[in-house]
Structures are given as C-alpha cells and as structure tokens.
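Student: In the numbering used here, the protein residues as written are 2 to 110.
Note that CB positions come from ideal geometry on N, CA and C, so glycine has one too.
Sending over a structure as structure tokens; questions will come in a sec.
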Amino acid sequence: MTRLSVAIRPPADVLALLARLPRVPTPGVTWSTPEQWLVKLRPLGHVDERLVAPPYRDVVLARGQVPAALAGDPVTARWVATTVVLVADRSAPGRPRFLDLAEFGLGTG
Numbered sequence: 002m003t004r005l006s007v008a009i010r011p012p013a014d015v016l017a018l019l020a021r022l023p024r025v026p027t028p029g030v031t032w033s034t035p036e037q038w039l040v041k042l043r044p045l046g047h048v049d050e051r052l053v054a055p056p057y058r059d060v061v062l063a064r065g066q067v068p069a070a071l072a073g074d075p076v077t078a079r080w081v082a083t084t085v086v087l088v089a090d091r092s093a094p095g096r097p098r099f100l101d102l103a104e105f106g107l108g109t110g
C-alpha cells in the first residue's frame, strides 16, 4: 500500500531558509531531506500499489523520537502556491521516499 497526499512544494527561497536551520545529530532522530519538505494539504489515505505505479500540515524536518530541546525559534514563511502535486509516500523505516506522481497548475483567479 502507498499513502497518497495532495501537497505543495515550497519555493526555492523557503527551501533555502529551511536548509539554514541547524540539524544537530541526535540519537533516535532522522532529519528529513529537502526532497521530503512539502506541505500536505490533504492526505488521501492508503491506495493499492498497482494504482500508483509509475507510468494544512507543517513541513516535517525531523522524524523519530525528537526531543523538545531540539525545537528552536519559530520559522515563518509565506508564498502563493501556483501548483499542487499528488505525492506517493513510499517510505520504509530508514528509507524515506516521496514520489511526485502528477502536478496540477492552479488558476490565477
């Protein structure tokens, strides 16, 4: 089974801001990579793998047993989304993997 979500990928300037945050090596904590940084708008749930074979949450920066002491100053960023992506989360323990299945442009109003 694959977990699907509709998500927004942050723009380059927001990714650069997040990349500058400290990532202190901590036992039990796995820091996510920039490819995993997205804002999930709507989780769609688990879908049978055969249906996704290739042809408003916060950006997750760390997973695992993250101690409260790692929390630093709040980070605020704003942008206007021009696209949303359908993301397949095919992660496994110790092997995070997100795959963009489709991208949809948003109208300018």
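Taking the alpha carbon of Thr77 as the reference point, which residue from Val7, Phe105, Leu5 and Ala17 has its own alpha carbon closest?
Tutor: Looking at the Cα atoms, Ala17 is the closest of the given residues.
Student: Taking Cβ positions, are Arg10 and Val40 nearer each other than 9 Å?
Tutor: Their beta carbons are under 9 Å apart, which means Arg10 touches Val40 by this criterion.
Student: Do Thr27 and Val88 have their CB atoms nearer than 9 Å?
Tutor: It is not a contact, given that the beta carbons lie outside the stated cut-off.
Student: Answer with buried or exposed for Val85, where buried requires no fewer than 16 other C-beta atoms within 10 angstroms of its C-beta.
Tutor: Classification for Val85: buried.
Student: Using beta-carbon positions only, say whether Val81 and Arg43 come within less than 9 Å of one another.
Tutor: It is not a contact, given that the beta carbons lie outside the stated cut-off.
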